[in-house]
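The structure under discussion appears below in the form of C-alpha cells.
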Amino acid sequence: LAAESSPREVGGLVVRGLAEMLHSPSGALWYRDAAGAQLIQAARWNAPRSNAVEPLDSTFARFMHEREWVVDLEEFRAHPDRYEGAQLPDWLAGNRQHWLVVPLIVGEERELFPAVLASARDAEERTYVRGIVERLTREHRHVESACSRVEPVLNDVPKGCDSELDPLALGTLVATYRV
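Using our numbering, the letters of the sequence shown map in sequence onto residues 58 to 236.
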C-alpha cells in the first residue's frame, strides 16, 4: 500500500493528522525543494495551493531549524523581540488565517506517527496509513544505520583528532538522503 502512495498523498495525511490533533481546519507542509535551497509547499489539507518559496537562509527558516520551536504567529506578531531577529516571511505574515508553525524535525515516530494513525477515519484508511508509517520507520532505521557508521569520525573532527572517514560509509549516508 505505502509503495503506491505519492509523496504528496503521504504529506497530505501527515498534514491532516497534525491539523486534526491541533483542532485546525487546515494546514500545509513545507519541505526542501529538489535543489535543497528553499522551502516549498509540498502538501496541504483544506488549504490553498501556494507558489511562495522560503529561502533556507532566511531569518525565519534559520530560526525554525535552529530552535525547533512551535511558533504561535499571534504571539510572534505581538512580541517579535522574543524570536532572535527572525522575520516572518511576507507570505506568512500577510495572511491572518495562518496561526501556528510546527517544525517536523524530530520526534516523528514517537509523536507524529501515532497522531496520524489515530486520525485515520476508517479501517481501510488506517491500514493505508499504517503501511506508510511502517515504510517511514524502516527508512528511519536505514538512515540511522548509515549515520552510525560515520558518526564517530564526525564527532572526532571538532575535537581535533585525526580520523579517517570511510568514503563508502559516507556515500551510503548521502545516498539515503537522496532517496
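All C-beta atoms, glycine included, are put in the ideal place defined by N, C-alpha and C.
Annotation: I97 to T184 spans about 29 Å, alpha carbon to alpha carbon. DSSP places E196 in the helix class (H, G or I) of the three-state scheme. In the same chain as M121, and ignoring 5 residues on each side of it, the C-beta atoms closer than 6 Å to its own belong to P160, in chain order. When secondary structure is reduced to three states using DSSP, G84 falls in the strand class.
Your pair R206 and D223 checks out as a contact, with CB atoms roughly 7 Å apart and the cut at 8 Å. Nearest to A92 by C-alpha distance, out of V110, R101 and A135, is V110.
Collapsing the DSSP output to three states places V110 in a strand. Residue ranges of uninterrupted alpha helix (DSSP H) with 4 or more members, entirely inside the stretch 88-154 and ordered along the chain, are 116-124, 130-135 and 147-150. Residues V110, E111, P112 and L113 of the same chain have their beta carbon placed closer than 7 Å to that of Q95, with the five preceding and five following residues left out of the count. Judged by beta-carbon spacing, Y140 lies within the 9 Å limit of V128, meaning their Cβ atoms are closer than that value.
The straight-line gap separating the alpha-carbon atoms of P171 and A177 is approximately 10 Å. Partner residues in the beta bridge of L157, as assigned by DSSP, are D129. Annotation for R134: L145 and A150 place their beta carbon closer than 8 Å to its own, counting only its chain and skipping 5 residues before and after. Within the same chain, Cβ atoms closer than 8 Å to the Cβ of F117 are found at E111, A143, Q144, L145, P146 and L149, the five residues on either side in sequence being excluded.
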